[in-house]
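Okay, structure first, notes after.
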Amino acid sequence: MAQPRTLYEKIWDAHVVSSRDDGTAILFIDRHLVHEVTSPQAFEGLRAAGRTVRRPDLTLAVPDHNLPTTPRKDANGNRLPIADPESAQQLAALEANAPAFGIRYIGATDREQGIVHVVGPEQGFSLPGTTIVCGDSHTACHGGLGALAFGIGTSEVEHVLATQTLQLKRSKTMEVRVDGTIGPGVTAKDIVLHITGVLGAAGGTGYVIEYTGDAIRALSIEGRLTVSNMAIEHGARAGLIAADDKTFDWIKGRPYAPKGADWDAAVAWWRSLATDPGAAYDKVVVIDAADIAPSVTWGTSPEDVLPITGVVPDPASFADPSKQEAAAKSLAYMGLTPGTAMTEVEVQNIFIGSCTNSRIEDLRAAAAVLKGRKKAANVKWAIVVPGSGLVKAQAEAEDLDRIFIDAGLEWREPGCSACLGMNPDKVPAGERCASTSNRNFVGRQGPGARTHLVSPAMAAAAAVTGRLTDVREMMT
Amino acid sequence: MTPVHTIHGKAYPFGQKNVDTDIIIPAHWLKTISREGLGRGAFEALRNEPGNLFDSDKYAGSPILIAGDNFGCGSSREHAAWALGDMGIKAVIAPSFSDIFSGNAFKNGLLTVVLPQEAIDRLMEVAKSDPIHVDLENQVVTTPFQDRYTFEIDPFRKHCLMNGLDEIGLTLSSADAISAYEAEVGAEKPWLIPASA
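Just so you know, the sequences run in chain order F and L. Here this note's numbering runs 49 ahead of the position in the first sequence, where the first position is 1. Here this note's numbering runs 23 ahead of the position in the second sequence, where the first position is 1.
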């Protein structure tokens, strides 16, 4: 009998074009997503070397990072210009490069436009068992469908465009098993924040993680995409969740998904990729779902996670001297005093969106909390940014937009928005934001901005009370 | 790409852990469509502080950066490697690097040297007064004192760095194998790899 293999090893083996004695393989890339920030220099490199795109049919381009989330067309349906000249230049570069190299392109005013990691799965472009890359570290997201998906730099973008392959060495494997059932008010976001707190920001470095266990299995596909999305926040380049019937039902019928006999053959292959009984991981971490509370970050690394019932830690409480120093710096930046209850921390800004939490289920969870409520007076800026035009349309069909607007939140056009300081959506210096995004780094949401990472339901609860809040107290 | 053999000179005794790529180059610098000129934005927030390490007379222009664990974590932006290169850094020495950053660094001829924390602590001391020497061929970091720290590096990466090789060109020399793979998998799973247009 063949040696039992993990999901990652099966996908890896199926994509090796050739390998060298030192273990480096040329790995075939099935799907390549391209956006405007990490691609201009790659296209420039191709031009300089006189190279073409090997498989434009396996490549999909969509702008997301730079786009303002304010209306993109005027009352007559004419496209509005982008005020920032550098953003406009970067978008224009993608708009020119995609057709010049024969790549499929979803444009800024197309109904299907959205964040690349929302668009790929939504279009059926991202599929189980495939290798998926994009010049963005949150590409791990697509692993929620059972794909081997990871972020790459611009030189690698150029390499994939030119060759449809990457030169890679196999990673170590880690199983992160979440046993049991999560409690009320606890979501996929809380699971992945908790995992990041347990593993640390570098805990997964060198590994590809497979998330397993009953609590992961019980998640919807949207929830699984949220978990895999943040694999990089604990250092893992990729995070996979094995595909199952839930995955297949979710993908079936999407525009680029296989059809007819191809569909049946694809499902049979996808089923065969599940980790074999007895396959060994290089490392196993077991987490009890009962230990996971609605979670919030207090510092400037995603590993700085606390249950919402916690208090701001004292830097002296950390064993590692370098962590003590980092914690003290974080608290100074965040303007927090040790011992303060997290629920006493006031927030002036709310951001519901990003590739982590902008899918329909996220918007439903936020709307469920906000229905019939109003945002607090001290919350100056609160925006809801759907992950794609299709998510936006679905939310509007369910009247979720009315709930947000009635509660005093702004309903925006799709894009990366306030997850990172590249477009007009920024958090002012010194102010706090309860944010459903993935990074609380120094300056991430704008210079001097203070980010607290939370789930959509927790962000909605914070909007109502004007402070970080245990959403469980608002559930009936 | 310029071949890398030895790097000798002053080193920034930086030492910080979990230095993310937003610290190395903030997002508003990513709006460029060229690889050049990003050194001005490198460590922008830190360099806004008076008396910072990077602009001090003592260290400015150092070709070596000494950092803490998990250097280059966070975003995949290759701009981080370009920014360090543009500010004149040719090698970063740290106890560990994020996977994506070390790949990006390698592809731009920026050497990442992994050494244990004890070695980092010692090099941080030495860098305050003396130069540091990195020898890629012999895989060793030395100081004017008796310090000598050997490091591991992937043999293929070493070969590429020492010869300034272009990885795309190398892969394209396997174009026949890629075509064979596409034909074989495409015949079995046309939904995955359609026949090339």
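For every residue, glycine included, the Cβ atom is placed at its ideal position computed from N, Cα and C.
Beta-carbon of residue 456 of chain F versus every beta-carbon of chain L: anything under 7 Å? For the purposes of this step, residue 456 of chain F is identified with residue 407 of the first sequence, where counting begins at 1. At a cut-off of 7 Å, the C-beta of residue 456 of chain F has no neighbouring C-beta in chain L.
Which residues of chain F have a Cβ atom closer than 8 Å to the Cβ of residue 93 of chain L, listed in chain order? Numbered from 1 along the second sequence, position 70 holds the residue referred to as residue 93 of chain L. Chain-ordered, the chain F residues with CB closer than 8 Å to the CB of residue 93 of chain L read 250, 251, 254, 284.
Just list the residues that DSSP pairs residue 332 of chain F with in beta bridges. To locate residue 332 of chain F, count along the first sequence from 1; it is residue 283. As a beta-bridge residue in DSSP terms, residue 332 of chain F pairs with F/223.
If distances are taken between C-alpha atoms only, which option among F/249, F/209, F/264, F/194 comes closest to residue 231 of chain F? Sequence index remark: in the first sequence, residue 231 of chain F carries index 182 (1-based). Residue 231 of chain F has its Cα closest to that of F/264, out of F/249, F/209, F/264, F/194.
Taking the DSSP output, what are the residues bridged to residue 190 of chain F? As a first step, residue 190 of chain F is located in the first sequence; it is residue number 141 there, counting from the start. In the DSSP secondary-structure assignment, residue 190 of chain F is not bridged to any residue.
Under 7 Å between C-beta atoms, does residue 74 of chain F make it to chain L? Residue numbering aside, residue 74 of chain F sits at position 25 when the first sequence is read from its first letter. In terms of beta-carbon proximity, residue 74 of chain F stays away from the interface with chain L, with every pair separated by 7 Å or more.
Using C-beta distances below 7 Å, list every residue in its chain close to residue 474 of chain F, excluding the 5 sequence neighbours before and after it, in chain order. Looking up residue 474 of chain F in the first sequence gives position 425. Cβ neighbours of residue 474 of chain F beyond the five flanking positions: 118, 432, 466, 467.
Roughly how many whole angstroms lie between the Cα atoms of residue 82 of chain F and residue 504 of chain F? Stepping through the first sequence from its first residue, residue 82 of chain F is reached at position 33. Stepping through the first sequence from its first residue, residue 504 of chain F is reached at position 455. Taking the straight line from one Cα to the other gives about 26 Å.
Verify whether the separation of the beta carbon atoms of residue 162 of chain F and residue 75 of chain F is less than 7 Å. By 1-based counting over the first sequence, the position of residue 162 of chain F is 113. By 1-based counting over the first sequence, the position of residue 75 of chain F is 26. In this structure, residue 162 of chain F lies away from residue 75 of chain F, with their beta-carbon atoms at least 7 Å apart.
Using 10 angstroms around the beta-carbon of residue 333 of chain F, count the other beta-carbons present and answer buried if the total reaches 16, otherwise exposed. Working through the first sequence from its first residue, we reach residue 333 of chain F at position 284. So residue 333 of chain F counts as exposed.
Partner residues on chain F for residue 68 of chain L, Cβ-Cβ distance less than 8 Å: Your numbering for residue 68 of chain L matches position 45 in the second sequence. Near residue 68 of chain L (Cβ distances below 8 Å), the residues of chain F are 491, 492, 496.
Using a cut-off of 8 Å between C-beta atoms, extract the partners of residue 201 of chain F located in chain L. Residue numbering aside, residue 201 of chain F sits at position 152 when the first sequence is read from its first letter. Those are 99, 123, 126, listed as they occur along chain L.
For residue 86 of chain F, which residues in chain L fall below 7 Å Cβ to Cβ? Looking up residue 86 of chain F in the first sequence gives position 37. The answer, in chain order, is 53.
Expressed to the nearest angstrom, what Euclidean distance is found between the alpha-carbon atoms of residue 194 of chain L and residue 78 of chain F? The count along the second sequence starts at 1 and reaches residue 194 of chain L at position 171. The count along the first sequence starts at 1 and reaches residue 78 of chain F at position 29. Residue 194 of chain L and residue 78 of chain F: Cα-Cα distance of roughly 13 Å.
Determine the direct distance from the alpha carbon of residue 144 of chain L to that of residue 227 of chain F, and round the result to whole angstroms. Within the first sequence, numbered from 1, the residue matching residue 227 of chain F stands at position 178. Within the second sequence, numbered from 1, the residue matching residue 144 of chain L stands at position 121. The straight-line gap from Cα to Cα measures roughly 38 Å.
Contact set for residue 98 of chain L: own chain, Cβ-Cβ below 7 Å, skip 5 residues either direction: Residue mapping note: residue 98 of chain L aligns to position 75 of the second sequence, counting from 1. 44, 45, listed in sequence order.
In chain order, what residues of the same chain have a beta carbon less than 7 Å from the beta carbon of residue 335 of chain F, not counting five sequence neighbours either side? Stepping through the first sequence from its first residue, residue 335 of chain F is reached at position 286. Contacts found: 226, 228.
Mind checking if residue 144 of chain L is an interface residue toward chain F, Cβ cutoff 7 Å exclusive? Taking the first residue of the second sequence as position 1, residue 144 of chain L is located at position 121. Interface flag for residue 144 of chain L against chain F is unset, since no Cβ pair is found closer than 7 Å.
Any beta carbon of chain F sitting closer than 7 Å to that of residue 117 of chain L? The count along the second sequence starts at 1 and reaches residue 117 of chain L at position 94. Judged by the 7 Å Cβ criterion, residue 117 of chain L is not in contact with chain F.
Among all the DSSP beta bridges, which residues are the ones paired with residue 482 of chain F? Numbered from its first residue, the first sequence carries residue 482 of chain F at position 433. BP columns for residue 482 of chain F point to F/398, F/500.
In chain order, what residues of the same chain have a beta carbon less than 6 Å from the beta carbon of residue 165 of chain L, not counting five sequence neighbours either side? In the second sequence, counting from the first residue as 1, residue 165 of chain L sits at position 142. Listed in chain order, the non-local C-beta contacts of residue 165 of chain L below 6 Å within the same chain comprise 156, 171, local neighbours out to five positions each way being set aside.
From residue 94 of chain L to residue 147 of chain L, what distance separates their C-alpha atoms? Position 71 of the second sequence holds residue 94 of chain L. Position 124 of the second sequence holds residue 147 of chain L. Straight-line measurement puts the Cα of residue 147 of chain L at about 15 Å from the Cα of residue 94 of chain L.
Neighbourhood of residue 254 of chain F by C-beta distance below 6 Å, restricted to the same chain and skipping five residues each side: Locating residue 254 of chain F in the first sequence gives position 205, counting from the first residue. Shown here for residue 254 of chain F: same chain residues with a beta carbon closer than 6 Å to its own, the five before and five after excluded, namely 284 in chain order.
Between residue 135 of chain L and chain F, is there a C-beta pair that is closer than 7 Å? One-based indexing of the second sequence puts residue 135 of chain L at position 112. The C-beta of residue 135 of chain L comes no closer than 7 Å to any C-beta of chain F.
According to DSSP, simplified to helix, strand and coil, what is residue 70 of chain L? To locate residue 70 of chain L, count along the second sequence from 1; it is residue 47. If DSSP states are grouped into helix, strand and coil, residue 70 of chain L belongs with the helices.
Thinking just about the alpha-carbon of each residue, which of F/103, F/156, F/149, F/100 is nearest to the one in residue 122 of chain F? Here residue 122 of chain F corresponds to residue number 73 of the first sequence, with the count starting at 1. It is F/156.
Chain L contact residues for residue 214 of chain F, given Cβ-Cβ distances below 7 Å: Counted from its first residue, the first sequence places residue 214 of chain F at position 165. For residue 214 of chain F, the chain L residues whose Cβ falls inside 7 Å of its Cβ are 194, 201, in order along the chain.
Proximity of residue 419 of chain F and residue 511 of chain F at Cβ, strictly below 7 Å: Residue mapping note: residue 419 of chain F aligns to position 370 of the first sequence, counting from 1. Residue mapping note: residue 511 of chain F aligns to position 462 of the first sequence, counting from 1. Not closer than 7 Å, so no.
Does the beta carbon of residue 113 of chain L come closer than 7 Å to any beta carbon on chain F? Here residue 113 of chain L refers to the residue found at position 90 of the second sequence. The beta-carbon of residue 113 of chain L is placed no less than 7 Å from the nearest beta-carbon of chain F.
To be precise: take each residue of the stretch 350-382 of chain F, compare its Cβ to all Cβ atoms of chain L, and keep it if any distance is under 7 Å. Which residues remain? Hits within the stretch, in order: 350, 371, 375.
Complete beta strand (DSSP E) runs within the stretch 364-419 of chain F (minimum length 3 residues, chain order): Those beta strand (DSSP E) runs which fall completely within the stretch 364-419 of chain F and span 3+ residues are 398-401.
Listing by chain order, which chain C residues have their CB less than 9 Å from the CB of residue 46 of chain L? Any reference to chain C falls outside this structure, whose protein chains are F and L.
Quick check on residue 82 of chain L: does DSSP put it in helix, strand or coil? The count along the second sequence starts at 1 and reaches residue 82 of chain L at position 59. Looking at residue 82 of chain L - three-state DSSP - the assignment turns out to be coil, as it is neither helix nor strand.
Would you say residue 178 of chain L reaches chain F, if we count a Cβ-Cβ gap shorter than 7 Å as a contact? Start at 1 with the first residue of the second sequence, and residue 178 of chain L comes out as number 155. True, the Cβ-Cβ gap to chain F drops below 7 Å.
Would the beta-carbon of residue 41 of chain L fall within 7 Å of that of residue 250 of chain F? Here residue 41 of chain L refers to the residue found at position 18 of the second sequence. Here residue 250 of chain F refers to the residue found at position 201 of the first sequence. Taking 7 Å as the Cβ cut-off, residue 41 of chain L and residue 250 of chain F qualify as a contacting pair.
Going along chain L, which residues have a C-beta under 7 Å from residue 469 of chain F? The sequence position of residue 469 of chain F within the first sequence is 420, counting from 1. Near residue 469 of chain F (Cβ distances below 7 Å), the residues of chain L are 50.
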